[in-house]
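Enquirer:
There are 4 protein chains.
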Amino acid sequence: MVIVLGPEATPDNIVAIVDLVNDAGGEAYVTRGVSRTIVGLVGDVERFENLNLRTLPGVHDVLRISAPYKLVSRQNHDSRTVVSVAGVPIGGDSVTLIAGPCAVETPDQTMEAARMAQAAGAALLRGGAFKPRSSPYAFQGLGEVGLKILADVRAETGLPIVTEVVDAADVDLVASYADMLQVGTRNMQNFALLQAVGAAGKPVMLKRGMSATIEEWLMAAEYIAQRGNLDIVLCERGIRTYEKATRNTLDISAVPVAQNLTHLPVIVDPSHSGGKRDLVLPLSRAAVAVGADGVIIDVHPHPETALCDGPQALVGSDLAELADLMDTLPALLGRTRTKGPVAAPAGV
Amino acid sequence: MVIVLGPEATPDNIVAIVDLVNDAGGEAYVTRGVSRTIVGLVGDVERFENLNLRTLPGVHDVLRISAPYKLVSRQNHDSRTVVSVAGVPIGGDSVTLIAGPCAVETPDQTMEAARMAQAAGAALLRGGAFKPRSSPYAFQGLGEVGLKILADVRAETGLPIVTEVVDAADVDLVASYADMLQVGTRNMQNFALLQAVGAAGKPVMLKRGMSATIEEWLMAAEYIAQRGNLDIVLCERGIRTYEKATRNTLDISAVPVAQNLTHLPVIVDPSHSGGKRDLVLPLSRAAVAVGADGVIIDVHPHPETALCDGPQALVGSDLAELADLMDTLPALLGRTRTKGPVAAPAGV
Amino acid sequence: MVIVLGPEATPDNIVAIVDLVNDAGGEAYVTRGVSRTIVGLVGDVERFENLNLRTLPGVHDVLRISAPYKLVSRQNHDSRTVVSVAGVPIGGDSVTLIAGPCAVETPDQTMEAARMAQAAGAALLRGGAFKPRSSPYAFQGLGEVGLKILADVRAETGLPIVTEVVDAADVDLVASYADMLQVGTRNMQNFALLQAVGAAGKPVMLKRGMSATIEEWLMAAEYIAQRGNLDIVLCERGIRTYEKATRNTLDISAVPVAQNLTHLPVIVDPSHSGGKRDLVLPLSRAAVAVGADGVIIDVHPHPETALCDGPQALVGSDLAELADLMDTLPALLGRTRTKGPVAAPAGV
Amino acid sequence: MVIVLGPEATPDNIVAIVDLVNDAGGEAYVTRGVSRTIVGLVGDVERFENLNLRTLPGVHDVLRISAPYKLVSRQNHDSRTVVSVAGVPIGGDSVTLIAGPCAVETPDQTMEAARMAQAAGAALLRGGAFKPRSSPYAFQGLGEVGLKILADVRAETGLPIVTEVVDAADVDLVASYADMLQVGTRNMQNFALLQAVGAAGKPVMLKRGMSATIEEWLMAAEYIAQRGNLDIVLCERGIRTYEKATRNTLDISAVPVAQNLTHLPVIVDPSHSGGKRDLVLPLSRAAVAVGADGVIIDVHPHPETALCDGPQALVGSDLAELADLMDTLPALLGRTRTKGPVAAPAGV
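Chains as they are written, first to last, in numbering that gives the first Met the number 0: chain A, 0 to 347; chain B, 0 to 347; chain C, 0 to 347; chain D, 0 to 347.
#1: Suppose the cutoff is 6 Å on Cβ atoms and the five residues either side in sequence are ignored; what does the same chain contact list for Val347(C) look like?
#2: Find the nearest neighbour of Asp171(C) within the set Val196(C), Ile160(C), Leu52(C) and Val14(C), judged by alpha-carbon distance.
#3: Between the alpha carbons of Pro131(D) and Ala122(C), how many angstroms are there, rounded?
#4: Taking Cβ-Cβ distances below 8 Å as the criterion, which residues of the segment 127-150 of chain A are in contact with chain D?
#5: Please list the residues of the segment 228-243 of chain A that have a C-beta atom closer than 7 Å to any C-beta atom in chain C, keeping them in chain order.
#6: Indicate the three-state DSSP secondary structure (helix, strand or coil) for Glu26(C) in the structure shown.
#7: Rounded to a whole number of angstroms, what is the C-alpha to C-alpha distance between Tyr241(A) and Asp250(B)?
#8: Measuring only the C-alpha atoms, how far is Ala244(C) from Thr261(D)?
#9: Using a cut-off of 8 Å between C-beta atoms, extract the partners of Leu172(B) located in chain A.
#10: Just to confirm before moving on: does the CB-CB distance between Pro88(C) and Val81(C) stay below 8 Å?
#11: Taking 8 Å as the threshold (C-beta atoms), are Arg284(B) and Leu328(B) in contact?
#12: Between which two residues does the beta strand (DSSP E) containing Ala113(C) stretch?
#13: What does the alpha-carbon distance come out to for the pair Gln108(D) and His299(D)?
#14: Cβ closer than 8 Å: which chain C residues qualify as neighbours of Asp308(B)?
#15: Can you pull the chain D residues whose beta carbon is under 8 Å from the beta carbon of Ser272(C), in chain order?
#16: Check the Cβ of Ser175(D) against every Cβ in chain A and list those closer than 8 Å, keeping chain order.
#17: CB-CB under 6 Å to Gly99(D), same chain, minus the five flanking residues each way: which ones, in chain order?
#18: Are Pro269(D) and Ala286(D) touching if we call contact CB-CB under 8 Å?
#19: In whole angstroms, give me the CA-to-CA distance for Glu221(D) and Thr248(A).
#20: Closer than 9 Å between beta carbons: that is the criterion. Which residues of the segment 38-69 of chain C meet it against chain D?
#21: Find the residues of chain B that neighbour Arg73(A), judging by a C-beta separation of less than 9 Å, and give them in chain order.
#22: Whose C-alpha, out of Arg79(D), Asp317(D), Val182(D) and Ala85(D), is nearest the C-alpha of Phe355(D)?
#23: Excluding sequence positions up to five away, which residues of its chain have a Cβ less than 7 Å from the Cβ of Arg185(D)?
#24: Please confirm if Val265(C) has its CB atom under 8 Å from at least one CB of chain D.
#25: Can you name the start and end residues of the alpha helix (DSSP H) that Thr156(C) belongs to?
#26: Rounded to whole angstroms, what is the Cα-Cα separation between Ile16(C) and Asn189(B)?
#27: Please list, in chain order, the chain A residues whose beta carbon lies closer than 7 Å to that of Ser210(B).
#28: Just to confirm, are Leu205(A) and Leu229(A) a CB contact at a threshold of 8 Å?
#29: Which whole runs of the alpha helix (DSSP H) in the segment 158-200 of chain C are 4 residues long or more, in chain order?
#30: Buried or exposed: which applies to Phe154(B), given that a residue is buried once 16 or more other Cβ atoms fall within 10 Å of its Cβ?
#31: For Val100(D), which three-state DSSP category applies?
#32: Are the Cβ atoms of Lys201(B) and Met179(B) separated by less than 8 Å?
#33: In whole angstroms, give me the CA-to-CA distance for Leu70(B) and Gly24(B).
#34: Name the one or two DSSP bridge partners that Thr337(C) has.
#35: Mind pulling the chain C residues with CB within less than 7 Å of Arg284(D)?
#36: How about Asp292(B) and Val265(B): are their beta carbons less than 8 Å apart?
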């Protein structure tokens with residue numbers, strides 16, 4: 000059972016609830032978030048029902064939820080959540096394109112990629128400054144230098160920034176630059192990191208672990224939600240199977256399955272799923288058609304020299320087709336492409 | 000290396016080719032199909048090149064193909080194949096809907112399901128009379144009785160029939176009723192069956208093995224092609240992974256990957272992939288959007304009493320949405336829905 | 000529910016049982032095997048209980064079994080089955096080594112491999128005359144010529160023969176030479192083949208499908224058992240996973256899990272699991288240590304020229320270590336190596 | 000290319016090496032560990048060869064290694080590493096049993112489990128104070144209280160402690176109590192944590208990610224090694240497959256495969272692999288037989304009330320069989336069980 004407190008709840012209100020639960024033989028785990036406080040109850044649900052918790056001061060909602068994840072479950076949560084990233088919505092009636100370079104390499108490369116993203120209709124800019132790499136000898140990202148480049152590009156293009164954080168110790172630093180924090184596939188069960196981004200007060204994009212079940216993915220989201228942050232976007236990015244023709248196997252069914260189980264938006268990363276440029280557009284079409292709330296795509300001005308994942312990046316000549324896809328396919332499904340800031344002419 | 004002989008090739012022509020290959024230290028495997036004869040060469044390719052095989056009488060084509068599958072490879076095969084099933088095309092500019100009951104149970108159930116299929120815009124009727132079942136205690140299909148029911152329904156609706164064959168010994172019987180033979184996922188590497196359907200003179204739908212790589216799938220198609228039958232449609236139906244929320248994991252990327260590797264049409268089975276009714280329409284949209292040449296869907300008038308796979312069958316109230324999808328989504332991609340015979344009013 | 004009839008049951012006895020079941024609203028499936036007849040009942044178990052079936056003439060046993068597989072289930076079957084292959088036991092207190100070439104190529108190669116097998120302590124000779132190959136361009140085996148070679152080698156060495164059959168139409172032919180029929184991984188759900196080997200009156204080795212669950216494997220065994228043949232040995236040969244360092248992933252846990260669920264013997268194929276010569280001995284040790292009832296191993300006098308799976312074959316210098324393993328490790332577990340015919344000196 | 004510096008290398012020596020590499024157009028990554036300093040070179044290997052790096056002051060070794068992991072590779076590393084945990088060896092000629100409770104719950108439970116471990120012949124005590132749990136509502140461990148309990152039990156039994164750390168921020172705290180740090184399966188690619196344990200000056204047990212390839216596992220070990228810590232023990236704990244009969248699929252082949260690729264010891268966790276008590280002993284036998292350098296096993300005095308993974312814990316009546324296994328099976332393979340401190344009588 001989970002108690003959701005409103006912003007008006009006082010520390011005394013919370014103490015009163017905890018005492019009541021303890022007296023009933025239960026345990027109460029209090030998690031104070033930026034905008035709300037959550038109290039998770041462990042113990043005898045029948046006895047908790049008799050406490051009339053819903054009538055206590057400060058209590059906004061009391062959820063009795065059978066799913067192992069509670070705050071992110073669609074049970075008792077009629078409407079689907081729309082997450083706002085610096086004013087750009089993800090979820091609801093819109094379909095959001097996020098694009099940018101896999102890794103921030105130089106100011107020029109990042110600016111060029113952002114212009115490409117904007118030309119394709121992107122409303123948000125992706126780009127990695129901290130890169131989790133399987134090999135310690137691979138390029139690990141520019142770190143804070145990369146974050147500053149992203150901030151400069153945002154200032155010029157108006158595109159809010161989505162960027163990855165890989166260490167709980169870096170969350171404050173990354174959050175001071177980013178509009179949305181990304182948790183990558185390898186960190187989906189890095190619980191310290193999940194709790195840290197949950198407490199950071201910024202929206203979070205949570206990629207599915209490459210061998211995580213959908214249930215485990217939602218449990219990972221619950222770790223973030225427990226810290227009071229429900230601005231979470233789930234991102235399917237391909238799972239690991241025996242098939243070798245693609246980098247990963249895009250689990251396209253995960254979109255409708257997750258949307259049935261949670262109120263959170265679900266987007267798709269066709270670049271990391273397929274791992275090949277010529278699969279990105281077909282898989283993007285599949286993602287929008289299946290009902291995804293957005294797609295996140297690698298673009299690079301010069302993929303052949305990219306420091307990370309060049310073979311899967313779209314190039315300039317692909318952008319018109321991507322833009323067309325985003326303009327026409329959502330409409331067929333009764334949705335619209337999320338508008339981002341208009342791109343200024345490149346020469347201006 | 001593969002030599003394709005034209006219909007005018009005589010037995011003497013073939014003997015001459017074999018002798019020439021043997022003299023060059025190679026081996027020649029001759030496979031006589033209904034409409035063409037194939038000679039596969041094993042040995043030193045350089046020496047074969049010197050034989051000027053292309054100039055010999057009866058020789059239609061000589062293919063030097065590096066892919067492990069040769070006849071079905073897209074190498075040296077510019078145009079994509081359109082397979083004709085009793086006049087209904089699969090492949091090319093059209094998108095074909097195949098629908099019907101998982102298993103033929105009774106004349107009424109089959110007729111009702113066929114009417115449903117037609118209402119949704121199906122051009123072909125699916126329905127199983129021989130069912131491969133994991134358990135020997137499960138319903139194994141009506142056998143020839145079921146084939147007769149299908150033939151009766153075809154006579155009334157005009158819909159050509161796609162039906163499964165599970166034993167090489169039954170191929171002639173099934174082919175005497177069916178317009179297209181289906182090889183199921185469990186039999187994808189039943190090589191005797193593949194060779195038998197290759198020799199049967201009917202188009203074949205080859206489902207991907209539930210844990211087969213795309214390469215193995217194309218190799219299985221090559222077994223059919225080697226018997227002179229290139230009227231093969233590949234069907235992705237979900238692969239086995241650790242995810243438990245769906246019956247199988249639809250490998251949506253397999254469609255564009257296979258289309259890059261082979262000239263054969265590729266369709267999708269969203270019913271067996273997801274295993275749940277509410278996933279069929281989203282996955283069908285994804286399939287058409289990714290570029291599939293068709294979808295094959297379970298429908299049943301009374302899924303709650305179905306003898307096979309009831310939970311994944313579409314019901315009457317789903318048909319309008321399916322019809323709408325088939326009418327609008329292909330058009331967006333520059334394709335059209337394959338028209339089947341028009342449904343006569345149910346009361347006529 | 001399953002009724003097992005004794006050899007003394009008459010046709011009239013069987014008709015009487017079927018009538019009784021029909022009158023109770025159920026269905027009875029009669030399967031006549033070589034040594035016993037099985038009647039499977041589908042319907043209301045409670046009503047069947049009231050028929051006192053156990054008291055009817057000819058009835059040997061009545062099994063009420065909750066597992067989806069019934070005849071092979073360990074429920075109601077206290078002792079573990081020992082399968083006798085031309086007098087050589089598999090199961091029980093002994094651990095049986097089966098060895099030989101992957102494919103029969105020539106009389107000399109087969110004879111040499113058989114001598115190697117015998118030197119290592121093998122009690123049975125394996126060797127393929129019909130080879131299921133992913134590619135139609137790969138060596139498909141010598142067919143009946145290969146069977147004759149095996150028979151000649153048996154005559155000289157005394158080793159009974161285990162060989163694969165890939166087509167239901169070949170079962171009688173193969174059974175006329177073989178002492179044990181092997182069903183390969185790709186055919187685990189080739190139900191026509193399972194039923195044919197079930198009726199052939201020879202012991203069967205059933206390899207696990209490369210992506211079959213243990214339950215599906217036992218269901219496949221049930222198809223064989225239903226034809227009256229319970230002389231089935233299960234063989235774990237590695238499953239398909241994402242790991243690329245080995246050909247397959249040996250699921251070593253499958254041995255104790257299957258032994259808990261079925262009374263049939265379970266052996267391991269370390270050659271096809273690992274796919275590398277240097278893994279065969281470690282995996283053989285693991286197999287015997289985990290409690291397998293035997294191992295089946297590829298040996299070849301000249302692996303570098305083998306027509307099939309050379310890289311995984313043991314060579315002469317490995318045999319002493321294999322023989323030592325088979326002599327010492329079973330003893331530690333309270334078992335003994337199954338003795339085969341003694342090898343005559345090679346020069347005699 | 001990797002340069003290993005001896006403890007006598009001065010800061011000036013290091014600067015000189017870096018300058019030389021830079022002048023040759025390369026990059027040098029310096030990592031100072033507790034006992035040695037590593038310089039990784041990225042760039043043109045041929046030019047580095049000409050620098051005669053091996054002759055420079057402070058240089059201990061120069062490794063040219065083609066494997067993607069270098070420090071942990073068996074290339075250029077003839078002998079297998081023996082890791083010493085507070086004097087207890089893992090690797091070499093010995094086979095080490097590590098046992099204890101999955102989670103530390105109370106002083107009594109931990110003490111009882113330690114006595115059980117010792118009775119079975121364990122040389123090291125395992126026990127979790129920080130537990131990574133899929134659900135935020137599951138027991139997360141006692142934290143530092145649990146570490147203190149472990150230290151008390153060590154004081155009484157003499158058993159060195161292996162315990163998990165889940166957050167880079169906790170590494171110093173955990174290292175102040177533990178004799179060996181464990182990195183769990185979910186954190187195998189938590190690179191910040193890997194680097195932190197690499198710098199902590201304590202031996203590390205690195206569990207394989209539940210869907211990691213063997214190569215990725217060794218790359219993760221390389222992250223630790225790069226910080227100057229080569230006291231790493233690899234632990235295979237089962238991988239994720241479609242099979243549902245076991246919690247995970249023990250990849251027994253991973254032991255010999257990894258031992259061929261790396262000089263580090265490799266042990267097996269049969270408790271988490273199988274997830275069932277009755278599989279622990281068979282899988283332990285398989286692990287020792289395949290050549291593992293040890294096994295790590297869950298034991299619990301009262302599994303039915305365990306807060307974590309009770310169903311897989313061994314109980315008192317299993318211990319004699321485990322002890323017997325550890326005494327006899329290694330001997331058959333020319334190895335011996337690692338002796339730990341002798342258990343004092345429980346009543347003393």
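All C-beta atoms, glycine included, are put in the ideal place defined by N, C-alpha and C.
Expert: Reading off the structure:
#1: Any reading at Val347(C) needs caution, since the residue's pLDDT is 40, under 50, leaving its predicted position unreliable; the model's value is listed next. Closer than 6 Å at the Cβ level, and outside the excluded window around Val347(C), lies no residue.
#2: Val196(C)
#3: 50 Å
#4: Pro131, Arg132, Ser133, Ser134, Pro135 and Tyr136
#5: Arg239, Thr240 and Tyr241
#6: strand
#7: 12 Å
#8: 14 Å
#9: Going along chain A, no residue has its Cβ under 8 Å from Leu172(B), so there is no contact; the nearest lies around 35 Å.
#10: yes
#11: yes
#12: From DSSP, Ala113(C) is part of no beta strand (DSSP E) but of the alpha helix (DSSP H) over Pro106 to Ala118.
#13: 7 Å
#14: Here the premise fails: no neighbours, minimum Cβ distance about 16 Å.
#15: Ser252
#16: Within 8 Å Cβ-Cβ: nothing; Ser175(D) doesn't reach chain A, min ~18 Å.
#17: Ala112, Ala116, Leu124, Arg125 and Gly126
#18: yes
#19: 27 Å
#20: none
#21: None at all; the shortest Cβ gap to chain B is about 13 Å.
#22: This structure gives no information on residue 355(D), because the portion of chain D shown stretches from 0 to 347.
#23: Pro131
#24: no
#25: Glu143 to Thr156
#26: 37 Å
#27: Tyr241
#28: no
#29: 170-176 and 190-197
#30: The identity of residue 154(B) in the sequence shown is Ala, whereas the question assumes Phe. When all chains shown are included, Ala154(B) counts as exposed.
#31: Here the sequence assigns Pro to residue 100(D), which means Val is not the residue at that position. If DSSP states are grouped into helix, strand and coil, Pro100(D) belongs with coil.
#32: yes
#33: 23 Å
#34: Answer by DSSP bridge pairing: none, since Thr337(C) is not bridged.
#35: Ala288 and Val289
#36: yes
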